[in-house]
Ligand code: HDE
């Protein structure tokens, strides 16, 4: 029998074979699976297949049995439009009226079906993490976790299908991707011992230590309830009011103010399970552990100005990046890692309370050990069916992984099922295709709204004799889930935290001191910006008091920006050892799926441009040609014109010419054409180069392109190269891109 994992493997192999093809020929982003003809098609055809990079949830029944139906979307069948009941229709453009000018007749069942369904197309968005993007993939275990957990999907070589949903936290479904915020990183492993959901974030700590505070932090971060502004951001009074009073939030807040708050891509984010989990191995021995996702491409962020521009130029930047990368064959990849700690009665490690979700364990103290690899290789076929309806829950645990008493985790165990009842309209959301387990399901849950399973038998209760006693409970031999019989200390029933939860500053200082000078500059800039957007001076002053307890330099710099005095610390500054693993700067990474803009003009050597384009594809990146007008140049498609291009879409810019102002270089036609610069160069190209330079991106030129560099004054500065040919220029630029940005361009005042 073909197992789901085998199917996934086949998809991966087939996709891998196509990669070479795709990379040399196509720029990702085409909307349909076939090109659109100019004339409206009139010959009936069957529904077109999904695009080649698209996948669907595996075709299993509501109880997890394989159906054998091909894994392509079968949402529609046949060439003809039908009602929801399958009756073919003659007309869907006119309602049934009493004469051409008459009122609509109540008997128009097609009109009513169409409009009624439309009226109910929306479901409530998630109260948090409303905006997200998902992808299918496969997880392959390396076997290194076998010593600590008996979870079958972590056994050597085991392949498990997964669905991952990335998200922002604060914004509504239609908000911009690039806002400063925490990102969700939720993974559904369809294991054959039951589904495992690892519902994590890209930040390893959380704002609060107890789940009962979740409504408070979210109400504070969401738009103000009276005016419903600002959307999807923390730069406002209610957020800073709360975090400056509720100081356990300071650690998470610092991460948000760092570059981690504005990721370059979902593909360049780390992921963290945040809480400590309890693992159980075959021998019944337990260990405590934290989950980490490590991206193959490294951890990279946007520049703040870039993030802001992108929110307008391409609010879908992160989702587009995810889908385009998969379409181009640059499959996003992460290693799953574990930090493992002895399961002691104190539940601490190196003096750090493992139940406190505002604390990390630095990797230098407990290395992250790789236990498997995640590859995302298929985009969803339908956003609503898959990404919107996917329902994660921390209680979806396979045998071998159990929870701890982290009070945040405990509260989440309640919340995730509860929230789906409203969002997905009832208790049977686990039967929606993307939520269906791949393990056989034999529960005694029955009936309810949207029941898709046709349960047989008469005895959904235990014990029974009428259904032969089925279902039976399982033991160790049958790999039953076992709750670890942890001893609960004898203690009074209280609403209180352990005293170890009271340290709110030492790890914030540790994070700050672990940053490189350029990263510290960004943090200062972020705090200054966010507090600068607050209205109330008292809130700014109160947050400055918190910063004083973290670091005097940070506090003084932000205070100066706000025009306020820097207060003295109220607690002794912690003596901490920095953790270099927290910094994002200083290594070299692969450039899969990154975007290279190539500026051409009518005089460019198009053979050379063609060669560069091929070299960019061959490097696993995506070349976009930027020309004075749309259409083609030298037979190559133009993806951006000077009017539609903006620097923030590109990771690097190559110049194959010095274009004179195009006919539409008029501020009245294109606001960007108002950019100041030499009169001989199209002002949009000047702006492109200036912005790319300001955002520390590599810039390369050859031939006449070098003139732009001189005229814009960037020639000879770090990360700006000129070469004799396009290939040579790209080779240098590619090397620069490996460091992510040309960091030397950012002057660091606090160094
Ligand atoms: Fe969530 N969280 N959360 N959260 N969370 C939800 O569940 C909640 C927390 C996270 O892509 C909701 O299905 C409480 C930490 C992600 O569908 C809701 C608390 C972490 C996602 C909920 C937390 C997360 C959610 C909203 C405090 C990182 C998106 C919709 C104890 C480890 C999942 C839903 C997706 C979503 C509750 C804190 C991650 C309301 C009560 C800590 C990635 O149930």
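In this note's numbering, the protein residues as written are 121 to 871. Positions of the beta carbon are idealized from the N, C-alpha and C atoms, including for glycine.
Original post:
What residue range is occupied by the uninterrupted beta strand (DSSP E) comprising residue 863?
Top reply: Looking at the DSSP string, residue 863 is not in any beta strand (DSSP E), and its letter there is neither H nor E.
Subject >> Proximal residues to residue 751 (C-beta, below 7 Å), its chain only, five neighbours per side dropped >> reply: 758
Subject >> Selection from 654, 669, 187 and 819 that minimises the alpha carbon distance to residue 341 >> reply: 654
Original post:
Cβ-heavy atom distance between residue 620 and ligand 1 below 7 Å?
Top reply: no
Original post:
Which whole-angstrom value describes the C-beta separation of residue 418 and residue 707, a residue pair presumed to lie in contact below a C-beta threshold of 8 Å?
Top reply: 7 Å
**OP:** Check whether the stretch 566 to 574 touches the stretch 303 to 322, taking contact to mean three or more Cβ pairs, one atom from each stretch, closer than 8 Å.
**Re:** no
Original post:
Where residue 782 and residue 505 are concerned, what is the direct C-alpha to C-alpha distance, given to the nearest angstrom?
Top reply: 45 Å
Original post:
Does the stretch 330 to 350 come close enough to the stretch 633 to 640 to have 3 or more Cβ pairs within less than 8 Å?
Top reply: no
Subject >> Meets three-Cβ-pair contact criterion under 8 Å: the stretch 548 to 562 and the stretch 172 to 186 >> reply: yes
Original post:
Under the criterion of a Cβ to heavy atom distance below 7 Å, does residue 539 qualify as lining ligand 3?
Top reply: For the structure depicted, ligand 3 is absent and the ligand set comprises only ligand 1.
Original post:
From residue 198 to residue 165, what distance separates their C-alpha atoms?
Top reply: 8 Å
Original post:
Relative to ligand 1, is the shortest distance from any of its heavy atoms to the C-beta of residue 932 smaller than 7 Å?
Top reply: Residue 932 cannot be examined here, being either before or after the span of the chain that is shown, 121 to 871.
Subject >> Other residues of its chain near residue 860: CB distance less than 6 Å, five sequence neighbours each side excluded >> reply: 420
Original post:
Taking Cβ positions, are residue 270 and residue 286 nearer each other than 8 Å?
Top reply: no
**OP:** Using 10 angstroms around the beta-carbon of residue 480, count the other beta-carbons present and answer buried if the total reaches 16, otherwise exposed.
**Re:** buried
Subject >> Every unbroken alpha helix (DSSP H) within the stretch 418 to 486, with a cutoff of 4 residues, ordered by chain >> reply: 424 to 433 and 437 to 447
**OP:** Could you tell me which of 445, 202, 573 and 396 sits nearest to residue 737, measuring between CA atoms?
**Re:** 445
**OP:** Look at residue 728 and residue 772 and say whether their C-beta atoms are less than 8 Å apart.
**Re:** no
Original post:
Below 8 Å between beta carbons: does that hold for residue 257 and residue 494?
Top reply: yes
**OP:** Please go through the same chain and pick out, in chain order, the residues whose beta-carbon is closer than 6 Å to the beta-carbon of residue 228, but skip the five residues on each side of it.
**Re:** 215 and 216
Original post:
Over what stretch of residues does the alpha helix (DSSP H) that includes residue 339 continue unbroken?
Top reply: 334 to 341
**OP:** Take residue 202 and list the residues in its own chain whose beta-carbon comes closer than 6 Å to its own, dropping the five residues that flank it on each side.
**Re:** 208
Original post:
Would you call the CB atoms of residue 632 and residue 858 closer than 8 Å?
Top reply: no
Subject >> Chain-order list of residues whose beta-carbon lies under 6 Å from that of residue 386 (same chain, five-residue window excluded) >> reply: 286, 438 and 442
**OP:** Counting only the same chain and skipping the five closest in sequence on each side, list residues whose C-beta sits under 7 Å from that of residue 873.
**Re:** There is simply no residue 873 to check, as the chain begins at 121 and stops at 871 in what is shown.
Subject >> Contact test: residue 536 Cβ vs ligand 1 heavy atom, cutoff 7 Å >> reply: yes
Original post:
How about residue 839 and residue 774: do their beta carbons lie closer than 8 Å?
Top reply: no
Subject >> Backbone secondary structure at residue 141 - three-state DSSP >> reply: Because the pLDDT of residue 141 is 43, which lies under 50, any placement of that residue in the model is unreliable, and the number read from its coordinates should be weighed accordingly. It is helical.
Subject >> Euclidean distance between Cα positions of residue 491 and residue 297 >> reply: 30 Å
Subject >> residue 606 versus 292, 600 and 465, residue with shortest Cα-Cα distance >> reply: 465
**OP:** Report yes if the C-beta distance between residue 628 and residue 329 is below 8 Å; otherwise report no.
**Re:** no
**OP:** Could you tell me whether any non-hydrogen atom of ligand 1 is closer than 7 Å to the CB of residue 321?
**Re:** yes
Original post:
What residues in its chain sit with their C-beta under 6 Å from that of residue 407, if we drop five residues either side in the sequence?
Top reply: 268, 399, 460 and 463
Original post:
Which first and last residues belong to the alpha helix (DSSP H) in which residue 353 is found?
Top reply: Where residue 353 is concerned, there is no enclosing alpha helix (DSSP H), given that its DSSP letter is neither H nor E.
Subject >> Environment of residue 141 [buried if 16+ CB atoms lie within 10 Å] >> reply: Since pLDDT at residue 141 reaches only 43, below the 50 mark, its modelled position is unreliable, and the value read off the structure follows with that caveat. With fewer than 16 Cβ atoms within 10 Å of its Cβ, residue 141 is classed as exposed.
Original post:
How about the stretch 468 to 476 and the stretch 612 to 627: do they share at least three Cβ pairs that are nearer than 8 Å?
Top reply: yes
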